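Q:
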Amino acid sequence: TNQQINSIIPQEGIDPRFIYYLLVHNTDAIRGVGLGGGSATPILNKTSFSKIKLHVPPPSQWNSIAAILSAYDDLIENNRRRIQLLEQAARLLYKEWFVHLRFPGHEHTPIIDGVPEGWEKKTAFEVMDVLSGGTPKTTNPSYWDGHIPFFTPKDATDFAYAHDTEKSITEAGLKNCNSNLYPKDTVFITARGTVGKINLAQCPMAMNQSCYALVAHPPLNQHFLYFALVDGVEQFRSRAVGAVFDAIVRDTFKLIPFVVPDEKLITAFMEHVSPMLAQIDNLSGQVRSLRKARDLLLPKLMNGEVAV
């Protein structure tokens, strides 16, 4: 590692997983030491780290605590891998059918003007509504920390669904910003910061001005739109020149090619991928529940509130 990383090697016989959970439990204390130097940039060196006082359970409990908590993390990682495989399978099927044009019946479908018969060449802008977001005044506390998730580029994930958001707003905050409350399965795309990340809303959410909400026009649906945009934006990004993709504006969607397949083929595709998305949705919920249970259990185990 470089000089900005502190490496911790447990003494022989100590489960490194316990050390990890012990440090996670004491994150606030560790951060406090790093901030204590008065510097604008927090620094946690070996000397300051060695001075941190930690409340440690009896050594006889260390292995049991590590085993209990790591069981949750093993399940979380297993579910994440399953989500990744399902997402990959759905994306590969989209490419197979709609990019490589090896869809059911392709052998008997003539190609007209570069696309199979019955398909239409359009742009992304023509096949969906492009809707904006907005941020309530940050100086008004009555607008914040409510029950409405507030999606920003920081909340974008590498998989289909986004659920957990760093910030949330109140009903008053929603009424006093330029965002609608977008329903489940609205497609979000990040327009600034980490540009071009695409997610489906897993629950109703508001959204800030650094994103767009995209709503498909029939015969497309939200799930098909998601897979089409993931592939389309990826291809557009690889071909973009200069600053074209440094930020997304409404006119950017006019530059992204979009082919609308035959409606029967869209329906057939959704019959394959809808069960995959349903599993991803379910597994994502399980991951959240497991994280919540682990995070509730961690301090209780470390403080001796729960016997092991």
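Position one of the sequence shown corresponds to residue 1033 (my numbering), numbered consecutively onward. Glycine included, every Cβ here is placed at the ideal spot set by N, Cα and C. The model shown is predicted, which means the values in this text are computed figures rather than measured ones.
Please go through the segment 1177–1214 and give each complete beta strand (DSSP E) segment of 3 or more residues, from N-terminal end onward.
A: 1199–1201, all fully within the segment 1177–1214.
Q: Would you check if the segment 1175–1193 and the segment 1220–1231 touch, i.e. whether three or more CB-CB distances between them fall below 8 Å?
A: As far as the Cβ criterion goes, the segment 1220–1231 touches the segment 1175–1193, which means the pair count is three or higher.
Q: Three or more beta-carbon pairs under 8 Å between the segment 1222–1242 and the segment 1143–1161, yes or no?
A: Result no; under three Cβ-Cβ pairs closer than 8 Å.
Q: CA-CA distance, F1127 and N1212?
A: As a position in the sequence shown, residue 1127 is number 95, starting the count at 1. As a position in the sequence shown, residue 1212 is number 180, starting the count at 1. The identity of residue 1127 in the sequence shown is Lys, whereas the question assumes Phe. If I take the Cα positions, the gap works out to 32 Å.
Q: If M1334 sits next to H1057, beta carbons under 8 Å apart, how far is it from one beta carbon to the other, in whole angstroms?
A: In the sequence shown, residue 1334 corresponds to position 302, counting from 1. In the sequence shown, residue 1057 corresponds to position 25, counting from 1. That pair is a contact at about 5 Å.
Q: Measuring only the C-alpha atoms, how far is L1055 from R1063?
A: The count along the sequence shown starts at 1 and reaches residue 1055 at position 23. The count along the sequence shown starts at 1 and reaches residue 1063 at position 31. Distance between the alpha carbons of L1055 and R1063 is about 11 Å.
Q: Taking D1294 as the reference, which of W1176, I1143, I1280 has the closest Cα?
A: By one-based count along the sequence shown, residue 1294 stands at place 262. Minimum Cα distance to D1294 is reached at I1143.
Q: Taking P1215 as the reference, which of I1180, T1059, G1264 has the closest Cα?
A: The residue given as residue 1215 occupies position 183 in the sequence shown. Considering only alpha carbons, the answer is I1180.
Q: Whole angstroms is fine: what's the gap from E1158's alpha carbon to L1125's?
A: Working through the sequence shown from its first residue, we reach residue 1158 at position 126. Working through the sequence shown from its first residue, we reach residue 1125 at position 93. Cα to Cα, E1158 sits roughly 24 Å from L1125.
Q: Let's see if you can read the secondary structure: which residues bound the beta strand (DSSP E) around E1025?
A: As displayed, the chain neither begins before 1033 nor continues past 1340, which places residue 1025 out of reach and without an answer.
Q: Determine the burial state of E1149: buried for a count of at least 16 other Cβ atoms within 10 Å of its Cβ, exposed for fewer.
A: Along the sequence shown, read from residue 1 onward, the residue named residue 1149 stands at position 117. Result: exposed.
Q: With three or more C-beta pairs closer than 8 Å as the rule, is the segment 1082–1102 touching the segment 1130–1145?
A: No, they do not touch.
Q: For the segment 1293–1339, list the alpha helix (DSSP H) runs that are entirely contained and at least 4 residues long, ordered along the chain.
A: Counting only runs of 4 or more, we get 1295–1335.
Q: Mind checking whether P1089 and I1100 have CB atoms under 8 Å apart?
A: The residue given as residue 1089 occupies position 57 in the sequence shown. The residue given as residue 1100 occupies position 68 in the sequence shown. No, the pair does not count as a contact, with Cβ atoms beyond the cut-off.
Q: If contact is defined by three or more beta carbon pairs under 8 Å, each pair taking one atom from either stretch, is the segment 1197–1213 in contact with the segment 1163–1182?
A: A contact exists between the segment 1163–1182 and the segment 1197–1213.
Q: Opposite T1222 in the DSSP bridges: which residues?
A: For the purposes of this step, residue 1222 is taken as residue 190 along the sequence shown, with counting starting at 1. Its beta-bridge partners are C1243.
Q: Excluding sequence positions up to five away, which residues of its chain have a Cβ less than 6 Å from the Cβ of I1108?
A: Working through the sequence shown from its first residue, we reach residue 1108 at position 76. Result list for I1108: V1319, L1322, in chain order.
Q: Between the C-alpha atoms of F1050 and G1317, what's the straight-line distance to the nearest angstrom?
A: Locating residue 1050 in the sequence shown gives position 18, where the first residue counts as 1. Locating residue 1317 in the sequence shown gives position 285, where the first residue counts as 1. Distance between the alpha carbons of F1050 and G1317: 26 Å.
Q: Tell me the DSSP secondary structure of V1281 in three-state form.
A: Stepping through the sequence shown from its first residue, residue 1281 is reached at position 249. Three-state DSSP puts V1281 in coil, outside helix and strand.
Q: Kindly give me the distance between the Cβ atoms of N1231 and T1299, rounded to whole angstroms, as I take these residues to be in contact under 8 Å.
A: Counting from one through the sequence shown, the residue named residue 1231 turns up at place 199. Counting from one through the sequence shown, the residue named residue 1299 turns up at place 267. That belief does not hold up - the Cβ atoms of N1231 and T1299 are roughly 24 Å apart, past 8 Å.
Q: Just list the alpha helix (DSSP H) runs in the segment 1089–1163, keeping only unbroken ones of 4 residues or longer that don't cross its boundaries, in chain order.
A: Listed in chain order, they are 1094–1126.
Q: Following the continuous alpha helix (DSSP H) through K1078, name the residue where it begins and the one where it ends.
A: Counted from its first residue, the sequence shown places residue 1078 at position 46. K1078 -> alpha helix (DSSP H) spans 1078–1082.
Q: Are there 16 or more other CB atoms within 10 angstroms of the CB of G1264, so buried, or fewer, so exposed?
A: Within the sequence shown, numbered from 1, the residue matching residue 1264 stands at position 232. Buried.
Q: Which residues share a DSSP beta bridge with P1251?
A: Position 219 of the sequence shown, counting from 1, holds the residue named residue 1251. DSSP lists no partner for P1251.
Q: Using C-beta distances below 7 Å, list every residue in its chain close to H1249, excluding the 5 sequence neighbours before and after it, in chain order.
A: One-based indexing of the sequence shown puts residue 1249 at position 217. Once the five neighbours on either side are set aside, the close Cβ partners of H1249 are V1159, M1160.
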